[in-house]
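All remarks here apply to the structure that follows.
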């Protein structure tokens with residue numbers, strides 16, 4: 001896989017995606033968004049990719065926000081289109097049927113915080129900083145931050161972080177529910193792989209259906225309980241279900257094949 005703004009590496013069935021713009025702290029521009037969209041299409045398509053890690057190049061920044069130079073002369077209509085494009089790509093990450101881990105190796109500000117929140121797990125380095133400081137520029141969150149931050153940390157804390165533009169450190173982020181784990185910088189990938197190795201041992205159908213059911217909590221167009229029941233039923237027509245039940249009866253580890 002070759003992209004202008006991303007490095008990709010497939011390791012142990014996990015695609016490591018590194019946003020590679022360290023000279024601008026991995027800021028999100030139009031090309032990064034397009035590349036993330038394209039690489040996620042491949043994640044959905046190729047069965048040899050069982051999970052994803054997203055991180056930033058260098059030691060300072062995961063993603064320090066949007067590339068503000070691209071915002072200088074936007075009209076209202078253009079700004080709406082930019083926001084909807086970013087939301088669509090981040091939604092593709094959030095709804096990926098394969099586990100996606102954000103390894104936050106520094107600044108996760110603005111669009112960077114929004115990108116991290118679109119992932120299923122967030123692992124932060126001890127030096128990580130999170131925030132939605134868009135109000136300091138006279139604008140506001142646009143890539144889903146008002147929705148995902150509220151979902152993760154609650155209305156009160158989301159109001160405080162978004163309206164004041166304050167930043168929080170990794171420990172605060174974990175205490176708020178924004179990050180799952182905080183580890184030394186050198187252990188970020190090891191921690192991600194320790195989680196993903198466990199996920200890889202499960203039925204990919206059950207994992208994907210679980211992600212879909214959890215995401216249904218925030219979909220006002222559906223009844224989450226109905227979604228869960230239907231997905232539960234779908235599992236029972238799979239060979240993985242038969243294998244899992246038989247392995248439990250036989251007191252052995254199941255071998256899931258994804259069908």
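Numbering (our numbering), first residue to last: 1 to 259. Cβ coordinates follow ideal geometry from the N, Cα and C atoms, glycine included.
Item	Value
I think residue 49 touches residue 95, with their Cβ atoms under 8 Å apart; what is that distance to the nearest whole Å?	Contact doesn't hold; Cβ gap of about 16 Å is too wide.
For residue 70, which residues of its own chain have a beta-carbon under 7 Å away from its beta-carbon, when the five flanking residues on both sides are left out?	29, 30
Name the two residues that bound the continuous beta strand (DSSP E) containing residue 163.	First-last for residue 163: 155-164, but that is the alpha helix (DSSP H), not the beta strand (DSSP E).
For residue 115, which residues from the same chain have a beta carbon less than 6 Å from its beta carbon, with the 5 sequence-adjacent residues on both sides left out?	63
Determine the DSSP secondary structure at residue 322, reduced to helix, strand or coil.	Residue 322 is absent from the structure shown; the chain starts at 1 and stops at 259.
Between the Cα of residue 154 and the Cα atoms of 138, 216, 173, which residue gives the shortest distance?	173
Examine the ligand ZN and report whether any of its heavy atoms sits within less than 7 Å of the Cβ of residue 146.	Absence of the ligand ZN is noted for the structure shown, with no ligands found whatsoever.
Which residue from 220, 246, 215 puts its Cα closest to that of residue 231?	215
Can the beta-carbon of residue 158 be found less than 8 Å from the beta-carbon of residue 128?	no
Count the other CB atoms within 10 Å of the CB of residue 44; is the residue buried (16 or more) or exposed (fewer)?	exposed
Checking the sheet assignment: what are the DSSP bridge partners for residue 11?	14
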